[in-house]
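In the numbering used here, the protein residues as written are 3 to 511.
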């Protein structure tokens, strides 16, 4: 029995010694990794670094430490080859060079950048990124977090600069040509104002975007209207006795002559290029635009000085062979004129500009006037241009106008220093009444040298529809006429219309 007891006592002592050894090993292992534990706890609340890191901001430092420990503990199981490490070093070198270049250069608002890596927003002020997205710079900050706008989602937020690269450097020319402009006109105009390239009253053109819509094109005004039953035309009649289209008198018909625009504030700055100047004309009833919008190009005087703060705009002389987008004389027609209602003539000056930084283009409104039209015989106008949008009031075109005098002789002199436009509204030429009244009963603005071509088109259309082929008004047989089928497309191309005018007048003789 004594021997058995001694054996049991010896076994118990061995078990106790094993437990002590196991506990000491656990305590040693725990004491060897305090940094890993603390870093893991801190990784649950990531913080935005002052300098952006190459890896994602959500990756904790403990993950990188634990990977290095595992590489050493597992006999090189997760070790990388020397070639991979060299490639990573080269990649880091490229990234660092890109960051240094971004830090050293200054970029204008509106500059496009491409996203290099995905990025999940850490704070509410951050912008979530997806690789290959195009971002627009809103503000370049002093640190490495800049304010960007995503043109697809229209969201703004802070972005670390190690996740972006200048867009022009990341795509080949063939790829860039397929990318549509993403910078809105308002962003470019705001950037130009911030750099004092343009006066405070200049805005993104109100009428320029509308000219791309069919309802504001002259060709839309020429489409024949149908009656409510859709069995006949409401404004296109062929008279067999006279062998021509029937004429229809309208309520309002005037000749508008644009003379010149004076003292227009000059767009300045080395980062902006002026590509062209024009004015746009339309009729406005106080609520909506009721006519087509016509654009005519302006030119500068050859005597203009580069040091002048203002410039004068001139227009081509009125001739039959003048290209229609350079014509300065127009026929204005409207059947909606009523003395009890207001009908306005709206004229907007515009300049097509391009940023030299990112080659983005936009049309900048350089002032406007709106006058209530009447049936007086003749009126000459010398109107001061307003700034802002045409539905805004009391907006100065240039903030410097605040310093001008408003009364007395000094006030009269200062008023002539402000931007203005000179034009006249005259009665129609009576001997051309038959020609003008052959046009549709719609509100429209037509270059005076285009009237004959439009009347010829309407006569040909009425003849083809109602006499040659469609004596029965219920027929739906398509017309076999190249002239009629291509006229609308030709009307949008001034050079082709110019050739058509030359041919028309030559054959008319």
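All C-beta atoms in this analysis are idealised placements derived from N, C-alpha and C, irrespective of residue type, glycine included.
Since the model is a prediction, treat every value here as computed from it, not as a measurement.
Query, Result
"Would you decide whether residue 498 is buried or exposed? Buried here means 16 or more other CB atoms lie within 10 Å of its CB.", "exposed"
"Considering just the uninterrupted stretch of the beta strand (DSSP E) at residue 461, what are its terminal residues?", "Run containing residue 461: none in the beta strand (DSSP E); it sits in the alpha helix (DSSP H), 453-465."
"Start and end of the beta strand (DSSP E) containing residue 256?", "254-267"
"Return yes when the Cβ of residue 399 is within less than 8 Å of the Cβ of residue 515, no when it is not.", "For residue 515 there is no data in the structure shown, the boundaries of the chain being 3 and 511."
"Across the segment 247-260 and the segment 438-458, are there enough close Cβ pairs to call them in contact, namely three or more that are closer than 8 Å?", "yes"
"Which of the three DSSP states is assigned to residue 145 in this structure?", "coil"
"What is the DSSP secondary structure of residue 341, counted as helix, strand or coil?", "coil"
"Would you grab the beta carbon distance between residue 153 and residue 136 for me? Rounded to a whole angstrom, and I think it's under 8 Å.", "7 Å"
"Exposed or buried, residue 125, counting other C-beta atoms within 10 Å across all chains shown (16 or more means buried)?", "exposed"
"Of the choices 231, 295 and 101, whose alpha-carbon is the least far from that of residue 280?", "295"
"How many angstroms separate the CA atom of residue 435 from the CA atom of residue 482?", "31 Å"
"Tell me, which residues are paired with residue 140 by DSSP?", "In DSSP, residue 140 forms no bridge with anything."
"Looking only at C-alpha atoms, which of 339, 277, 379 and 233 sits nearest to residue 468?", "233"
"Output the boundary residues of the alpha helix (DSSP H) element that contains residue 221.", "220-223"
"Whole angstroms is fine: what's the gap from residue 132's alpha carbon to residue 502's?", "52 Å"
"Using only CA atoms, which one of 244, 263, 453 and 357 lies nearest to residue 349?", "263"
"Just to confirm, is the Cβ distance from residue 334 to residue 387 under 8 Å?", "no"
"Report the CB separation of residue 2 from residue 448 in whole angstroms; it is logged as a contact under 8 Å.", "Lying outside 3 to 511, the shown extent of the chain, residue 2 is not represented and no answer is given."
"Taking only the alpha-carbon atoms, compute the straight-line gap between residue 390 and residue 235 and give it to the nearest angstrom.", "42 Å"
"Spatial neighbours of residue 169 within its chain, please: CB distance less than 7 Å, with the 5 preceding and 5 following residues excluded, ordered by chain position.", "114, 115, 116 and 136"
"Do residue 345 and residue 285 have their C-beta atoms within less than 8 Å of each other?", "yes"
"For residue 211 and residue 244, what's the separation of their Cα atoms in angstroms?", "43 Å"
"Using only CA atoms, which one of 276, 146 and 215 lies nearest to residue 367?", "276"
"Under DSSP, the beta strand (DSSP E) around residue 248 begins and ends at which residues?", "No beta strand (DSSP E) contains residue 248, which DSSP labels as neither H nor E."
"Taking the beta carbon of residue 309 as the centre, do at least 16 other beta carbons fall within 10 Å, making it buried, or is it exposed?", "exposed"
"Looking only at its own chain, which residues have a Cβ that is under 7 Å from the Cβ of residue 313, when we skip the five neighbours before and after it?", "266, 268, 302 and 306"
"Could you round the C-beta distance between residue 380 and residue 427 to whole angstroms and report it? I think they count as a contact, below 8 Å.", "7 Å"
"Pull up the DSSP beta-bridge partners for residue 191, would you.", "Answer by DSSP bridge pairing: none, since residue 191 is not bridged."
"Exposed or buried, what is residue 479 when buried is set at 16 or more other beta-carbons lying within 10 Å of its beta-carbon?", "exposed"
"Would residue 510 be called buried (16 or more neighbouring beta carbons within 10 Å of its own) or exposed?", "exposed"
"Please determine, among 430, 109, 326 and 271, the residue with the shortest C-alpha to C-alpha distance to residue 494.", "326"
"Can you tell me which of the three DSSP states residue 296 falls into?", "strand"
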